[in-house]
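The numbering of the sequence shown is our numbering, which starts it at 87 and goes up by one.
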Amino acid sequence: MPGIRRSIYKSPAQLRLMREPGLATADSLDAVRAAVRPGVTTLELDAIAERAIVARGGRPNFALEPGYRHTICASVNDEVVHGVPGDRTLRAGDILSVDSGAILDGWNGDAAFTVVLEDPSRPDLVAERRALNEVTEQALWHGIAALATASHLNEVGEAVEAYILSQGDYGILTDYVGHGIGRRMHEPPPVYNYSVRQKGPEVRPGLVVAIEPMVVAGAPDTYVRDDGWTVATEDGSSAAHWEHSVAVHEDGVWVLTAHDGGAQGLRRFGIAPAPPA
Ligand code: MG
Numbered sequence: 087m088p089g090i091r092r093s094i095y096k097s098p099a100q101l102r103l104m105r106e107p108g109l110a111t112a113d114s115l116d117a118v119r120a121a122v123r124p125g126v127t128t129l130e131l132d133a134i135a136e137r138a139i140v141a142r143g144g145r146p147n148f149a150l151e152p153g154y155r156h157t158i159c160a161s162v163n164d165e166v167v168h169g170v171p172g173d174r175t176l177r178a179g180d181i182l183s184v185d186s187g188a189i190l191d192g193w194n195g196d197a198a199f200t201v202v203l204e205d206p207s208r209p210d211l212v213a214e215r216r217a218l219n220e221v222t223e224q225a226l227w228h229g230i231a232a233l234a235t236a237s238h239l240n241e242v243g244e245a246v247e248a249y250i251l252s253q254g255d256y257g258i259l260t261d262y263v264g265h266g267i268g269r270r271m272h273e274p275p276p277v278y279n280y281s282v283r284q285k286g287p288e289v290r291p292g293l294v295v296a297i298e299p300m301v302v303a304g305a306p307d308t309y310v311r312d313d314g315w316t317v318a319t320e321d322g323s324s325a326a327h328w329e330h331s332v333a334v335h336e337d338g339v340w341v342l343t344a345h346d347g348g349a350q351g352l353r354r355f356g357i358a359p360a361p362p363a
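Take a look at the structure:
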């Protein structure tokens, strides 16, 4: 909204309001995950996600982006993010990233996961894609864990990058980054997946960010397809994308887009998330 500069820090009451859109987003991704199999189209997955969001009283917020009509982004193989659902049929061995979001009572959720479809005829390809997917998911949890103890937001990107580079020769996208989230799906501040010189804003109660590492098996250079949306790797290498919307509050962090608040993902870091009071 022009002329209005909101603080990036939300009140405790606003954090509570962000729980329902987070859970509607989580529901939509759970429903899609359960439906992923060879032969399903990405448009069918889109409808499944929409139903899950509406069933929880929300609305898909991606459809509020100018020019975008769908509930999810479905990005397959060399597509990293912003893949447009359509009549493409998923096949054995595909790596699929699904990004979804819900708006409910004026507040937003945003999250993504990646899955690799089984293909016994191509074990090497599946193993390579599974490794990429695992690194990307764990990079997200390293970023969330860093947020739990960070003094400034740049510590998240440092943790994400350090973990990814420790796991092999992966590429981290720099053309696209995470973001603040609240009344709008995309708000300041940017959340980098790599080290930056600026320390970024203070991490303190009220900060809500979507952390979303985008990792590729080759070089991190991308282009946008002719549909005007789909971001794909220039070298054709496989891509993975994981995302959660995470709130910082007086008692720690809470993953708004996970049904358990992130308890399972953060356990290995000795972090027990608590819901915002
Ligand atoms: Mg996002």
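We treat Cβ as the ideally placed atom computed from N, Cα and C, and that holds for glycine.
The alpha carbon of residue 347 has as its nearest neighbour, out of 215, 331, 237, 281, the alpha carbon of 331. The residue from 163, 335, 307 with its alpha-carbon nearest to that of residue 216 is 163. Between the ligand MG and the CB of residue 110, the shortest heavy atom gap is not smaller than 7 Å. Per the DSSP secondary-structure output, residue 164 pairs with nothing in a beta bridge.
In the three-state reduction of the DSSP assignment, residue 154 falls in the coil class. With 16 or more other Cβ atoms from the protein chains shown falling within 10 Å of its own Cβ, residue 168 counts as buried.
Residues 243, 247, 258 of the same chain have their beta carbon placed closer than 6 Å to that of residue 280, with the five preceding and five following residues left out of the count. Cα atoms of residue 325 and residue 260: separation of roughly 14 Å, rounded to the nearest angstrom. Sequence-distant partners of residue 337 (beyond 5 residues in either direction) whose C-beta falls short of 8 Å from its own C-beta, in its chain, are 360, 362, 363. In chain order, 106, 107, 110, 142, 143, 144, 145 place their CB closer than 8 Å to the CB of residue 190, counting only its own chain and leaving out the 5 sequence neighbours on each side. Per DSSP, residue 308 is one residue of the beta strand (DSSP E) stretching across 308-310.
Here residue 96 is buried, its C-beta having at least 16 other C-beta atoms within 10 Å. One thing to note: residue 185 has its Cβ no nearer than 8 Å to the Cβ of residue 296. Between the alpha carbons of residue 234 and residue 290 lies a gap of roughly 9 Å. Closest in C-alpha terms to residue 309, from the list 301, 321, 298, 299, comes 321.
In the displayed model, residue 351 falls within a helix according to three-state DSSP. Where residue 140 is concerned, the enclosing alpha helix (DSSP H) starts and stops at 128-141. Under DSSP, residue 183 takes part in a beta bridge, and its partners are 161, 200. DSSP, reduced to helix, strand and coil, places residue 246 within a helical segment of the structure shown. According to the DSSP assignment, residue 266 belongs to the beta strand (DSSP E) that extends over 264-266. Residue 313 counts as exposed, since fewer than 16 other C-beta atoms from the protein chains shown sit within 10 angstroms of its C-beta. Bounds of any alpha helix (DSSP H) do not take in residue 339; it lies within the beta strand (DSSP E) bounded by 338-341.
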